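J.: What follows is a single structure, and I will ask about it in a moment.
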Amino acid sequence: MKNNFIAILSFIFVIGGFTSANAVEVKEVKSKSGITAWLIEDHTNPVISLHFTFKGGAAMDPIAKEGLANMVSGLLDEGAGDLDSQSFQARLEDDAIALHFNAAKDSFSGTLKTLSQNLESATELLNLSLSKPRFDVEPIERIRAQILASIRNDMSKPGTKAFDALFAKMFAGHGYGRRTDGTAESVARIKRQDLIDLHKNMLARKNLVVGAAGDITPQELAKFLDAAFGQLRETPNITTVLETKPKESGDIKIIEMDVPQSVIVFAGAGVKRDDPDYYAALVMNHILGGGGFTSRLYDEVREKRGLAYSISSNIYSFDHSSVIVGQAGTENSRVGETVKIIKDEWSKMSVNGATAAEVKDAKTYISGAFPLRFTSSDAIAGILVGMQVDNLGLDYLDKRKSYIGAVSVSDVQKAAKRILRPELLDVFIVGKPGDLSAIN
Amino acid sequence: MTMRKLLILNLALILFVLSVANSRAEVFSPVRFYLANGLEVAVIPNHRSPVVMQMIWYKVGSIDEPPGKSGIAHLLEHLMFKGTNKHPDGEFSKLVARNGGNENAFTSFDYTGYHQTVASDRLEMIMELESDRMTGLTLSKKDIETESDVILEERRQRVGNNPAGKLRLEVNESLFPNNHPYGRPVIGLQGEVKSASRTDVLDFYKKYYVPSNAVLVVVGDVSPEMVRTLAEKYYGPIPAGKAPARPPLAMLDLPKSGEVIVRDNSVRQPAWSLNIIAPSLGNSSGANVAAYEVLATVLGDGTTSRMYKALVLEGGKAVAAGAGYSSHPKGPGRFVFYASPIPGIDLDVIADEIESEFDKFIKNGFAVGELERVKKRMLANAVYVRDSLKSGAWAVGGALGAGHDLNSVEQWPEYIQNVSETDVLEAAKKIRDESRRVTGKLLPVLANVGSGD
């Protein structure tokens, strides 16, 4: 399929691998001006979801102006072009268009959802917000006040305090160690010019990735890409985020807070998305503390002993580093017992790895649960963006199963030994923990 | 990532979810039938992906708990994962996971639900599992002891560690006084959760977990015929049973107190809400509640709403302000105004501003074109909700599980379309004149007041 405007590559895969009736085609669409997007068409409902991401994000916030990218994300839909904040918001609401922006450590991203009949209006509003944001004084101060309130709320949450402490310690001196939302002090320092500069420098065509799903054809998408993103600068002007290793020391840090339940977070170095051990680590983590109600941590801490309501671990793969992070919430007097079990499980997996049955079950789950995510345009557009950000290739949806399938018991053992080092596990406790002597 | 056994405590949140979900009207067009044993079934075919979601809704919730046994509906929900003779030792979750599936469960005032999402060729497996635990639950004393500890940790997470959660419970207690079922926390009172016995739990289970008291909803890549065949095979043989009548939920009493204040050391950002008894689908009609939904939208949904404009945008007194309405309960519904102040602004000033803005609306009505714009925006939701597989199951199951007419879902766009300015103003006046109302205030401890932000 080619015409004057669009060069299309495509890859057909079968969700779940059942019948060809469920075949889905991922298309790469290129606009006239050279912007590409990945698309899964589905004309069942008159709804279009578009997700996009600019490489960049909060890790690049200037020192002492933490929260800058986040603040820009709150302001792009607060007035653009000839439309002031209320006029812009009214246009979105009248046409039932959902437009949202978000800053994360490695990315500045957005989502646009519209009824197909309003695609033109949605395109125009997105283009305005990206290319001509006004950054009027009134919305700047209003959004600043909202961010400050949200920071105050965060400061009363033991979980947020624990995660802040963890990142601050493990990524001290690096952009990943700083709060994406910033602090009360840093947000107060942000000036209008800072917002204008970040917007101008970070949002460019070269660091843009787009995923689309729903009621839109490749031709319409190509037109959309130019109309929505064509006015952005070609090349971003952003700082480089350096590769970094999390600083591990095996310490237990207690942050006193007057709450009945201590929040415990624990972390060590993980593996990045492009690491050869990534899939083995994914399987290993699923067995140790992954989602669902079957992990070792879930079983030992919750099912057998009733020590927590939530207990889990996750691998956070950033562009330039990675951590494996777990969390639990336990009554103050039983914190020592919980931490000891967590450390024991860390050791057990590190020394012995997982059983063949565990590895088989984890692989079945990870392969089987993935297609379950393809149940809304929003979710699909998000997956398409993630695949491009992580350089997974157009055929990833088809290949993923074989990547998971190739993980062996000894791969899991190797990944466990490499990642889980109980002597270096850092533990952060927010609350009023009782006797911790059980831990050592 | 969902957390197992999500407990729905936050009415305002449910209200939001359901008001979105409710709008999928004519799109869902579920195929409905009953098995001979009274099990109600609704099927919504959706062939976008080879995925299927099964939900079973039992028409029992915390409102049905015997005196002194608060939290038992929720405790049972947790224990439903423990095992049966056929699938002992937590095998349910292991099998679902081993088949690449996801699952969860929830308990609310009016109902309790369980759901799994799997590849569509695994529907039979999850039906076998779910039907097996409708009658086969076996529980040890140890299961109950451990799980009540888990629930107490859940309670600490949601209430003890969270002053806003504590305030919500206290507002409910005050708004629904004299032992009204909505005044008791779904999660239970601490002492009562701890003292629940094996017999208590199994009695409750046997009484209420029967086909004639349940709704099965299946959405996804399936045909109604296939669902019927499987449902008859697995749920069909279970005896119908007969659950006890639901408790009366009418509520005429005035609140225990018109104002509830929670002060906590950890609070850095105060918050305010005004909670007012309103009609619901349980005691009113779909057409009537639609007027209240439009009212909540014009007053308090989004950045162009009346309250946001008055308090956040122009007044500079709050960082957030809005209104919401929950129509879905079996018992009384609730209309809520809420706001979070700018540092230094007293919550009573916020309350006055909200009231005066509300009065202004009642006096002057809609601006030219405003009502049509609001309705158009609301109706677009009916298209959006169709785009997600799961929202259909939640909406249809939620309505049938609470015992509402399915028209409240399927005719929703029509109800909204037919709302007139007079309807909305009538609703507004009823809210204004309703004396069953409780203000909730979340504040720092007194010593911290005035210590800046």
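Taken in sequence, the protein lines are chains A and B.
The numbering of the first sequence is the working numbering, which starts it at 29 and goes up by one.
The numbering of the second sequence is the working numbering, which starts it at 101 and goes up by one.
For each residue, glycine too, the CB sits at the ideal point set by N, CA and C.
These numbers were taken from a predicted model, which means no experiment stands behind them.
To the nearest angstrom, how far is the alpha carbon of B:Thr217 from that of B:Ala493?
T.: Roughly 11 Å between the two C-alpha positions.
J.: Distance cutoff 8 Å, beta carbons only. Does B:Lys541 sit that close to anything in chain A?
T.: No, no contact with chain A.
J.: Could you tell me whether any Cβ in chain A is nearer than 8 Å to the Cβ of B:Phe181?
T.: It does: the Cβ of B:Phe181 has a partner Cβ on chain A nearer than 8 Å.
J.: I'd like the list of long-range same chain contacts for B:Tyr214, defined as Cβ closer than 6 Å, with 5 residues on each side in sequence excluded.
T.: Excluding sequence neighbours, B:Tyr214 sits near Ile156 and Ala205.
J.: Note down the Cα distance separating B:Pro263 from A:Gln114, rounded to an integer number of angstroms.
T.: In a straight line, the C-alpha of B:Pro263 is about 34 Å away from that of A:Gln114.
J.: For chain B, is any of its Cβ atoms less than 8 Å away from the one on A:Ala177?
T.: So, interface residue.
J.: Measuring only the C-alpha atoms, how far is A:Ser350 from A:Gly414?
T.: Between A:Ser350 and A:Gly414, the C-alpha separation is close to 17 Å.
J.: What residues in the segment 60 to 82 of chain A have a beta carbon less than 9 Å from any beta carbon of chain B?
T.: Taking 9 Å as the Cβ-Cβ cut-off against chain B, the residues of the segment 60 to 82 of chain A that qualify are Asp70, Thr72, Asn73, Pro74, Val75 and Ser77.
J.: Considering only their Cβ atoms, is the gap separating A:Ala232 from A:Glu276 smaller than 8 Å?
T.: Not in contact: A:Glu276 and A:Ala232 (Cβ atoms no closer than 8 Å).
J.: Using alpha carbons as the reference points, say which of B:Ile361, B:Lys159 and B:Val143 lies closest to B:Val152.
T.: With distances taken between Cα atoms, B:Val152 lies closest to B:Val143.
J.: Do the segment 533 to 548 of chain B and the segment 455 to 469 of chain B make contact, defined as three or more Cβ pairs closer than 8 Å?
T.: Too few Cβ pairs lie closer than 8 Å, so no.
J.: Tell me which residue opens and which closes the beta strand (DSSP E) that A:Ser345 is part of.
T.: Residues Ile339 to Ser345.
J.: Tell me, please, which residues DSSP counts as bridged to A:Gln416.
T.: DSSP lists no partner for A:Gln416.
J.: DSSP state of B:Asp300, grouped into three classes?
T.: Looking at B:Asp300 - three-state DSSP - the assignment turns out to be helix.
J.: Just verifying my parser: in three-state terms, what is the DSSP assignment at B:Leu354?
T.: Residue state, collapsed to three classes: coil.
J.: Please determine, among A:Asp123, A:Gly138 and A:Ala124, the residue with the shortest C-alpha to C-alpha distance to A:Asn130.
T.: For the residues A:Asp123, A:Gly138 and A:Ala124, the minimum Cα distance to A:Asn130 belongs to A:Gly138.
J.: Whole angstroms is fine: what's the gap from B:Ile251's alpha carbon to B:Leu399's?
T.: Roughly 37 Å between the two C-alpha positions.
J.: Do we get a CB-CB distance below 8 Å when we pair B:Tyr214 with the residues of chain A?
T.: No, because no Cβ of chain A sits closer than 8 Å to the Cβ of B:Tyr214.
J.: Okay, do the segment 438 to 450 of chain A and the segment 288 to 303 of chain A touch, 3+ Cβ pairs below 8 Å being the bar?
T.: As far as the Cβ criterion goes, the segment 438 to 450 of chain A touches the segment 288 to 303 of chain A, which means the pair count is three or higher.
J.: Can you give me the C-alpha to C-alpha distance between A:Ile224 and A:Ile218, rounded to a whole angstrom?
T.: Cα-Cα distance, rounded: 11 Å.
J.: Comparing the C-beta of B:Ile442 with each C-beta of chain A, is any distance below 8 Å?
T.: So, interface residue.
J.: Tell me, please, whether the segment 173 to 182 of chain B touches the segment 364 to 373 of chain A by the rule of three or more beta-carbon pairs shorter than 8 Å.
T.: Touching, no.
J.: Using the C-alpha atoms, what's the distance from B:Ser248 back to A:Leu452?
T.: Their Cα atoms are separated by approximately 34 Å.
J.: Please return the same chain residues whose Cβ sits closer than 6 Å to the Cβ of A:Gln441, not counting the five positions on each side in sequence.
T.: Excluding sequence neighbours, A:Gln441 sits near Gly381.
J.: Tell me, please, which residues DSSP counts as bridged to A:Asn18.
T.: Only positions 29 to 468 of chain A appear in this structure, which leaves residue 18 of chain A out of reach.
J.: Exposed or buried, which one is B:Glu534 when buried takes at least 16 other CB atoms within 10 Å?
T.: Per the 10 Å Cβ criterion, exposed.
J.: With DSSP as the reference, identify every bridge partner of B:Ala314, one or two as the case may be.
T.: Answer is B:Tyr158, bridged to B:Ala314.
J.: Which one of B:Val419, B:Gly424 and B:Ser405 has the shortest CA to CA distance from B:Tyr392?
T.: Comparing Cα-Cα distances from B:Tyr392 to each of B:Val419, B:Gly424 and B:Ser405, the minimum goes to B:Gly424.
J.: Would you mind telling me which residues of chain B sit closer than 8 Å to A:Gly396, beta carbon to beta carbon, in chain order?
T.: Chain B residues near A:Gly396: Asn199, Gly200, Gly201, Val218 and Ala219.
J.: Can you tell which of B:Ala527, B:Ala219 and B:Glu325 has the C-alpha that lies nearest to the C-alpha of B:Gly201?
T.: Comparing Cα-Cα distances from B:Gly201 to each of B:Ala527, B:Ala219 and B:Glu325, the minimum goes to B:Ala219.
J.: Return the CA-CA distance between B:Ile114 and A:Glu248, expressed in angstroms with no decimal places.
T.: Here B:Ile114 scores only 36 on pLDDT, less than 50, and its place in the model is too uncertain to base an answer on.
J.: Could you round the C-beta distance between A:Phe346 and A:Tyr204 to whole angstroms and report it? I think they count as a contact, below 8 Å.
T.: Right, their Cβ atoms sit about 6 Å apart.
J.: By Cβ distance below 8 Å, which residues in the same chain neighbour B:Arg532 in space, the five residues on each side in sequence not counted?
T.: Cβ within range, chain order: Phe458, Asp459 and Ile462.
J.: Suppose the cutoff is 8 Å on Cβ atoms and the five residues either side in sequence are ignored; what does the same chain contact list for A:Ser395 look like?
T.: Correct list, in chain order: Arg428, Lys429, Ile432 and Gly433.
J.: Under DSSP, the alpha helix (DSSP H) around A:Leu231 begins and ends at which residues?
T.: Neither: A:Leu231 is in no alpha helix (DSSP H) and is coded neither H nor E.
J.: Counting along the chain, where does the alpha helix (DSSP H) carrying B:Arg328 start and finish?
T.: Its alpha helix (DSSP H) spans residues Pro324 to Tyr334.
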